[in-house]
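Chains as they are written, first to last, in the working numbering: chain C, 1255 to 1720; chain H, 3 to 317. Positions of the beta carbon are idealized from the N, C-alpha and C atoms, including for glycine.
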Amino acid sequence: MSNLLDKFVSREEGSASRNFLLSAVWWSLWGMGAGLFAAMEFSNPDLVHNIPQFSMPHLRMWHVNAVAIGWLSMGYVASIFYMVPNLCKTKLYSERLGNITMWAWNLVMVGAMCTLLNGNTEGREYAELGAILDVFVVIALCSTTYNIVMTVAHRKVQKLYVSLWYFLGSLFWFPLVYIIGQRTFVALPGLNDAIVGWFYGHNILGMWFTTVGVGMMYYLIPRYTQAPLYSHGLSMLGFWGIALFYAPTGTHHITQSPVPEWLKAIAIISSIFLLVPVLTVLTNFFMTMKGKWQMVVTDLPLRFAATSCIFYLITCTQGPFQATRWVNWYLHFTQWVVGHAHLALLGTFSFILTSAIYYMLPRITGKEWKSQGLIRAHYWLKFLGFGLMMTSLTIAGLIQSAGWAMGMPVDQWVITLVPYWFLRSISGVMIVTGQCLFAYNIYQSLYSVAPEPAAPPKGQMKEVTA
Amino acid sequence: MNGYGYRLGAIGIVTTFFIIIFSTVLMPMVIFKPKTTTSANDYTVENKVSDPIRGRRVYIREGCFYCHTQFTRLQDREYGPLVKAGDFNFETPHQLGTERTGPDLTNEGNKYSAEWQKAHLIQPRALKPGSIMPSFSYLNERDMNDLVGYIQTLGNKREVKAYVQPPDEYLPTTWTGQELLKNKHVDTASDAAANAGRGIYTQDCAGCHGLEGKGNGPNSISLTKKPSNFTRPFFKQYSDEMWFYRISEGVVGTRMPRWNLTLSEEERWYLVAYLKTLQKDVEETVNDLSQINKPEKLRLPKLSNQQYEPHHGGH
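1) Which residues in the same chain have their Cβ closer than 8 Å to the Cβ of C/F1262, if we skip the five residues on either side of it in sequence?
2) Is it buried or exposed for C/N1372, if we count other Cβ within 10 angstroms and need 16 for buried?
3) Please report the straight-line C-alpha distance between H/M3 and C/K1413, rounded to a whole angstrom.
4) Listing by chain order, which chain C residues have their CB less than 8 Å from the CB of H/T94?
5) Going by C-alpha to C-alpha distance, which of C/L1700, C/G1460, C/T1687 sits closest to C/G1285?
6) Residues of chain C with CB under 7 Å from H/L98, in chain order?
7) Give me the DSSP bridge partner(s) of H/E101.
8) Suppose only complete runs of 4+ residues qualify. What are the alpha helix (DSSP H) ranges in the segment 1649-1716 of chain C, listed by chain order?
9) Contact criterion: CB-CB distance below 7 Å. Does C/P1306 meet it with respect to chain H?
10) Would you report the Cα separation of H/D148 and H/L123, rounded to the nearest angstrom?
11) List, in order along the chain, the chain C residues whose C-beta lies closer than 8 Å to that of H/N158?
12) Where does H/G217 sit, in a helix, a strand or coil, going by DSSP?
13) In its own chain, which residues sit with a C-beta less than 8 Å from the C-beta of C/I1434, not counting the 5 before and 5 after it?
14) Grab me the residues of C/M1367's own chain with a C-beta within less than 8 Å of its C-beta, minus the 5 sequence neighbours each way, in chain order.
15) For a cutoff of 7 Å on Cβ pairs, would you count H/K86 as touching chain C?
16) Could you have a look at H/D78 and say whether DSSP puts it in helix, strand or coil?
17) What residue ranges within the segment 1338-1413 of chain C form continuous beta strand (DSSP E) runs of no fewer than 3 residues, ordered along the chain?
18) Residue range of the alpha helix (DSSP H) that H/P126 falls in?
19) Relative to the C-alpha of H/A195, which residue among H/I249, H/L277, H/V60 is closest?
20) Rounding to the nearest angstrom, what Cα-Cα distance links C/H1506 and C/S1525 in this structure?
21) Got a sec: which bits of the segment 129-147 of chain H sit with their beta carbon under 9 Å from any beta carbon on chain C, in order along the chain?
22) Would you kindly work out how many angstroms separate the C-alpha atoms of H/F232 and H/R257, rounded to a whole number?
23) In angstroms with no decimal places, state the Cα-to-Cα distance between C/R1579 and C/T1509.
24) List the residues of chain H that C/F1296 touches, going by C-beta distances under 9 Å, in chain order.
25) Using a Cβ cut-off of 7 Å (strictly closer), state whether C/Q1714 contacts chain H.
26) Do the CB positions of C/T1542 and C/P1476 come within less than 7 Å of each other?
27) Since C/T1375 meets chain H, which of its residues come closer than 8 Å, beta carbon to beta carbon?
28) Is DSSP giving H/N91 helix, strand or coil here?
29) Taking only three categories from DSSP, how would you classify C/A1598?
30) Pairing CB atoms from the segment 1294-1310 of chain C with CB atoms from the segment 1692-1705 of chain C, are three or more of them under 8 Å?
31) If contacts are defined as beta-carbon pairs under 8 Å, then C/N1401 and C/S1348 qualify, I think. What distance do you get, rounded to the angstrom?
32) Contact between the segment 95-111 of chain H and the segment 57-69 of chain H is defined here as three or more beta-carbon pairs at a separation below 8 Å; is this criterion met?
33) When Cβ atoms are compared, which residues of the segment 1376-1390 of chain C fall closer than 7 Å to chain H?
34) Kindly list, in the order they appear in chain H, the residues whose Cβ is closer than 9 Å to that of C/A1659.
35) Helix, strand or coil for H/G255, going by three-state DSSP, please let me know.
36) Counting contacts by CB-CB distance shorter than 7 Å, is C/G1423 in contact with chain H?
Here it is, written out as structure tokens:
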């Protein structure tokens, strides 16, 4: 019995992080696959018939939740579970609690898959999960927070590195943002619902994906380059800038709806001010990288991280630009925005998470990557695939914008988008293939029979002694 | 840094976060309470054959809001009257949407018959070739009827006052319309303005619309979509704003240009004044080539470079 317990909710060091990481990769295959499937239905709307689970809107709900809650969030928790103990020079407070959290999170994902594909949704963009699943997510988030706060409280080093600021900040405000944003047990009248909805919709990005992602960049880049961080002062400025300017930006998603003007003004002004922390953070990274850029040729995880930083720069200049009324007037409601969303989540944060996984997995499990060639293939498939997706969505968005601005009927411009839908499907195939190679590489590295008769991995040792 | 510094930092994070929550989440909930307008949709229909409230749940379940929005913007043309804040008081969860792969549905109700909507949901491409909407043929009879019932309620509380109406962007009910009115210094009913407009008309419009506005300018021969005939009594119902809108934005799909790119606001108002004088009680129709305004054949003098080119000096 205790054996079984140790197997499923292990107390082995690093097991929570590893299990979270493997789950993240597992759900990424489902999420990205669903995205590809939905993209194919854009270019070929009669691909499937009479199967409600494969209807485009259902696939889209599942795609968004699988990549956001499954792939990125689980990967983030995995990184936090690995990086925080390392920065504190201590062990994770409770591996067992971490593993329980992991199971709860996976349960949420299974529930999400079963409900969303059948359309059991709350009907709120990015907050589709049903009430029970919401409760589970909050429990999982809170137990993660508790685990990490206790780890930090037991730290062996006095100084808190900047990544810890980001992780602790995110773990403090993201559960709150999630609770406010779900609106599960309240019914607000239409526009108030939209205001709170976009507070959440933007802050799942701003107070979770961005802040944890940037924290990971702060952790990884100095380690890859073997160089100290350029400036601690700049990193603090960046942190406080993000904390201050990110949270109120949500209403810029509905600048053209009849919500109060003052709220739109706050949102747009803080969106523009976001350039300050973003440029601060990136200056810090690029100055840390100074003189080390040639390393991206040989160091593949660093290449992922550097690409991520550059995409971050593009996303965050695009964001304030399209939040202003003059530009939003033209670009809103189009595929341009879909491209922008992918630039942030796929281009920036998926890349940094992939980089982190390439860095962490050998260090957690003690097993080297089986194939460097597969890593290289993964990089190029993902990078080129994403470039193609971004280009096609941006062009499609500009065509759509022109259509709306000129008052053309939808029937007329929608036909001209067909080639771009097709290109996006191809880009999807490339990205999903890359992710499959990634998963295969992980499988090969972890589970193929190791030729060297080295000392048994740490976990087995522990079981014997316990 | 000592432990006290971190405590200060933690307090800072918490305070910042709650100030932001207060100002962008709580404050709007307390301050922003729009009164329900008469045009707000409460999903009631006469002669109930289906349940629109249940239909709305089907709409949400099938994720229609990922591709269809439910709010018209100032610049949206031909999607019906502009929404007001109070229109959304019964909308929980909101279905505003953020992306339009398909048309806006704010005023979709009764644009087509219920049978059309149903057929369109079952096989969109049979009715709208080239559409990429997924087929919802898997919906059962009850879901389908309720969904169609819901679609038919959209915008059914909105009242349109006149058959011909410019977009809200040009009407004094919106801030853009008020700006327009504020900058309008031309009395469009006056003869002086009409006279000023006549000059602009002969320069810019007569080429296609003809000198008397019968749509028979010399250029009309080559146009497949013939220019409007302003002598039609139909145009009597055009308001100043409607004329102004047409001149400013042109007509998509025809050679009528967007004059707001070349003419100033004042010039366009002068044109409005002139155009309003052209309507007759009976339309003067133009049926064949002989009725086209033909420009006088120019009798040009024999041209020589020497005469018309600028002097280069020397001889």
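Reading off the structure:
1) N1353, W1357
2) exposed
3) Because H/M3 sits at a pLDDT of 45, beneath the cut-off of 50, its placement in the model cannot be relied upon, and the following sentence gives the value as read from the coordinates. Distance between the alpha carbons of H/M3 and C/K1413: 7 Å.
4) A1441, L1442, P1443, G1444, D1447
5) C/T1687
6) A1448, I1508, S1511
7) Answer is C/F1587, bridged to H/E101.
8) Entirely contained in the segment 1649-1716 of chain C, the alpha helix (DSSP H) runs reaching 4 residues are, in chain order, 1664-1670, 1672-1701.
9) Closer than 7 Å to some Cβ of chain H, the Cβ of C/P1306 qualifies, so yes.
10) 12 Å
11) Those do not exist, as H/N158 stays about 17 Å from chain C at its closest Cβ, beyond 8 Å.
12) Coil.
13) V1450, F1453, Y1454
14) Non-local C-beta neighbours of C/M1367 in its own chain, meaning closer than 8 Å and more than five positions away in sequence, comprise W1284, W1316, A1320, ordered along the chain.
15) yes
16) Coil.
17) The qualifying runs do not exist here; there are none.
18) 126-129
19) H/L277
20) Distance between the alpha carbons of C/H1506 and C/S1525 is about 8 Å.
21) K130, P131, G132, S133, I134, M135, P136, S137, F138, S139, Y140, L141
22) 16 Å
23) In a straight line, the C-alpha of C/R1579 is about 7 Å away from that of C/T1509.
24) T103, I134
25) Unreliable positioning characterises C/Q1714 in this predicted model, as indicated by a pLDDT of 46, which lies under 50. The coordinate reading is nonetheless provided below. Cβ-Cβ to chain H under 7 Å: no for C/Q1714.
26) yes
27) Per Cβ cutoff of 8 Å: I62, R63, G65.
28) coil
29) Residue state, collapsed to three classes: helix.
30) Because the criterion of three Cβ pairs below 8 Å is not met, the segment 1294-1310 of chain C and the segment 1692-1705 of chain C do not touch.
31) 6 Å
32) yes
33) E1376, G1377, R1378, E1379
34) Q77
35) coil
36) At least one chain H Cβ lies under 7 Å of C/G1423.
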